[in-house]
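Quick note on my numbering: the sequence shown kicks off at 2 and runs consecutively.
Cβ coordinates follow ideal geometry from the N, Cα and C atoms, glycine included.
Working notes for the structure below.
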Amino acid sequence: MALETLRWEDDALVILDQTELPFRKTEKRLATAEEVREAIGALRVRGAPAIGVAAAYGLCLELRLWRGKSPAPSTAWEEARRGADSLASVRPTAVNLRWALDRMLRALEDAFTKDADLWASLEAEARRIHEEDRAMCAAIGRHGAALLQEGDTVLTHCNAGALATSGIGTALAPVYEAARQGRKISVISDETRPLLQGSRLTAFELREAGIPVTVICDAAAASMLAAGRADLVIVGADRIAANGDFANKVGTLGVAVLAKEYGVPFYCAAPSSTIDLTTPNGAEIPIEERAAEEVTRGFGRPTAPDGVAAFNPAFDVTPAKFVAGFITERGVLRPPFEDSLRRALRPATHAPPPLALPGK
Ligand code: MRU
Numbered sequence: 002m003a004l005e006t007l008r009w010e011d012d013a014l015v016i017l018d019q020t021e022l023p024f025r026k027t028e029k030r031l032a033t034a035e036e037v038r039e040a041i042g043a044l045r046v047r048g049a050p051a052i053g054v055a056a057a058y059g060l061c062l063e064l065r066l067w068r069g070k071s072p073a074p075s076t077a078w079e080e081a082r083r084g085a086d087s088l089a090s091v092r093p094t095a096v097n098l099r100w101a102l103d104r105m106l107r108a109l110e111d112a113f114t115k116d117a118d119l120w121a122s123l124e125a126e127a128r129r130i131h132e133e134d135r136a137m138c139a140a141i142g143r144h145g146a147a148l149l150q151e152g153d154t155v156l157t158h159c160n161a162g163a164l165a166t167s168g169i170g171t172a173l174a175p176v177y178e179a180a181r182q183g184r185k186i187s188v189i190s191d192e193t194r195p196l197l198q199g200s201r202l203t204a205f206e207l208r209e210a211g212i213p214v215t216v217i218c219d220a221a222a223a224s225m226l227a228a229g230r231a232d233l234v235i236v237g238a239d240r241i242a243a244n245g246d247f248a249n250k251v252g253t254l255g256v257a258v259l260a261k262e263y264g265v266p267f268y269c270a271a272p273s274s275t276i277d278l279t280t281p282n283g284a285e286i287p288i289e290e291r292a293a294e295e296v297t298r299g300f301g302r303p304t305a306p307d308g309v310a311a312f313n314p315a316f317d318v319t320p321a322k323f324v325a326g327f328i329t330e331r332g333v334l335r336p337p338f339e340d341s342l343r344r345a346l347r348p349a350t351h352a353p354p355p356l357a358l359p360g361k
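Here's what the structure looks like:
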């Protein structure tokens with residue numbers, strides 16, 4: 002893929018600033034944890050897997066004064082935990098953020114135990130998380146491509162493609178892989194109000210890849226599905242609860258209900274880092290609420306009368322009963338999801354976070 006969502010270069014995180022897409026391909030060099038926090042909050046880097054990777058590098062930046070030094074264990078541990086908590090709090094719904102930071106803390110714990118170089122161990126772990134994300138996307142592509150026939154049209158919502166990950170994406174990975182295998186696949190992309198990730202980003206990256214894409218207003222998904230214009234729906238996820246309920250970009254729930262009504266198979270594609278067995282069901286998933294201005298002044302232009310109230314949840318929860326399967330790097334998981342998710346996660350990737358400095 003020509004698109005590089007992020008890379009670690011000369012001790013800084015370089016991101017493709019997604020707020021500028023599709024009009025400008027601008028790279029931004031983030032040299033401090035504060036800049037990483039700002040970029041995640043402003044959706045310059047976005048999508049659950051990508052923000053997990055960005056946060057892991059963000060923690061390296063937070064602790065960069067440790068480089069080549071041996072910080073006192075008593076203060077170092079607290080400093081690391083504070084940095085991780087602060088990065089994790091920027092976007093609460095995508096569990097990949099907390100997952101990546103917990104892995105960083107476990108790597109730190111391990112480095113303390115082995116008396117290894119702390120900063121070098123953190124940097125190595127961030128690179129591993131980054132590389133694994135790339136590999137998980139490729140595997141999701143391979144498993145998901147088997148669901149796609151020659152000439153199929155996939156409807157998707159938001160952007161769960163290359164721009165949302167370090168690799169070829171999650172929901173779009175099967176499309177890229179099937180196309181690579183020589184099948185003609187086209188995509189219908191919901192524009193995805195209010196920040197237009199579907200029309201700005203999904204359409205952008207598919208066009209760059211030469212895959213036919215048609216952008217529709219979110220409200221047109223109903224008539225498209227009713228008319229049989231899509232063969233299947235594939236969306237991404239920000240968090241999959243233990244019972245298979247999952248959170249994704251607001252509007253996903255509506256698409257799921259419609260797909261069920263019109264008999265269109267509805268799949269969710271996500272890496273195991275998005276599965277959170279510690280959250281029992283969708284009601285327990287925290288839903289990020291974003292600024293009302295994203296609705297009332299979309300991209301700076303008034304789209305509602307001055308002073309009118311607006312509610313802007315960034316995500317919604319789709320109950321497991323609407324999901325035909327979860328396309329993961331470990332295969333396509335089928336209902337009952339309580340069992341298949343648990344089996345797929347063995348050994349648990351969401352191990353409890355480290356609680357204390359060994360020997361402290
Ligand atoms: O607010 P965003 O743009 O970060 O929302 C992104 C989504 O909802 C994606 O579908 C999800 O994170 C999966 S990305 C592989």
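Taking C-beta atoms as the reference points, E206 and A172 fail to come closer than 8 Å.
The nearest non-hydrogen atom of the ligand MRU is 7 Å or more from the C-beta of A43. The beta carbon of P213 sits closer than 6 Å to the beta carbons of S187 from its chain, once the five residues preceding and following it are set aside; these are given in chain order. Secondary structure of R240 (DSSP, three-state): strand. Distance between G84 and S122, taken at the CA atoms: about 16 Å. Within the same chain, and ignoring the five residues on either side of D246 in sequence, the residues whose Cβ sits closer than 6 Å to its Cβ are N282, G283, V318, P320, A321. Less than 8 Å divides the Cβ of E330 from the Cβ of I141.
Between the segment 21–35 and the segment 256–276 there are fewer than three C-beta pairs closer than 8 Å, too few to call the two in contact. Remark: C-beta atoms of E209 and L4 approach each other more closely than 8 Å.
Taking G59 as the centre and dropping the five residues before and after it, the same chain places the C-beta of A34, V37, L88 closer than 6 Å to its C-beta, in chain order. Three or more beta-carbon pairs separated by less than 8 Å link the segment 261–280 to the segment 91–107, which places the two stretches in contact.
Non-local C-beta neighbours of A51 in its own chain, meaning closer than 6 Å and more than five positions away in sequence, comprise T6, A165, T166, ordered along the chain. For K250, the number of other beta carbons within 10 angstroms of its own is at least 16, and it is reported as buried.
In this structure, D239 lies near T94, with their beta-carbon atoms less than 8 Å apart.
By the Cβ-count criterion, T27 is exposed, with fewer than 16 other Cβ atoms from all chains shown falling within 10 Å of its own Cβ. Between M225 and E79, the alpha-carbon positions lie close to 53 Å from each other. Residue pairing by DSSP places Y268 opposite I235, G326 in a beta bridge. Inclusion of C159 in the 7 Å shell around the ligand MRU follows from its C-beta lying nearer than that to a non-hydrogen atom of the ligand. Here E151 is exposed, its C-beta having fewer than 16 other C-beta atoms within 10 Å.
Relative to the non-hydrogen atoms of the ligand MRU, the Cβ of T166 comes within a distance shorter than 7 Å of at least one. About 27 Å separates the beta carbons of A73 and L14, which is beyond the 8 Å limit, so they are not a contact pair. With a contact defined as Cβ atoms closer than 8 Å, V91 and G42 qualify at about 5 Å. Distances from the alpha-carbon of A270 to those of E285, R194, E290, V234 put V234 closest. Selection P287, I286, N313 evaluated against G299 yields N313 as nearest (Cα-Cα). Look at R47: its beta carbon is less than 7 Å from one of the heavy atoms in the ligand MRU.
Boundaries of the alpha helix (DSSP H) harbouring N97: 96–115, taken from the DSSP string. Inclusion of F316 and F267 in the CB contact set at 8 Å is not warranted, their separation being larger than that value.
Relative to L196, the option among A293, P348, D111 whose CA is nearest is A293. The shortest C-alpha to C-alpha distance from A260 to any of A49, V155, R335, R344 is the one to V155.
The distance from the Cβ of D232 to that of D191 is about 16 Å, inconsistent with a contact at the 8 Å cut-off. Taken atom to atom, the span from the alpha-carbon of Y177 to that of R291 is near 31 Å.
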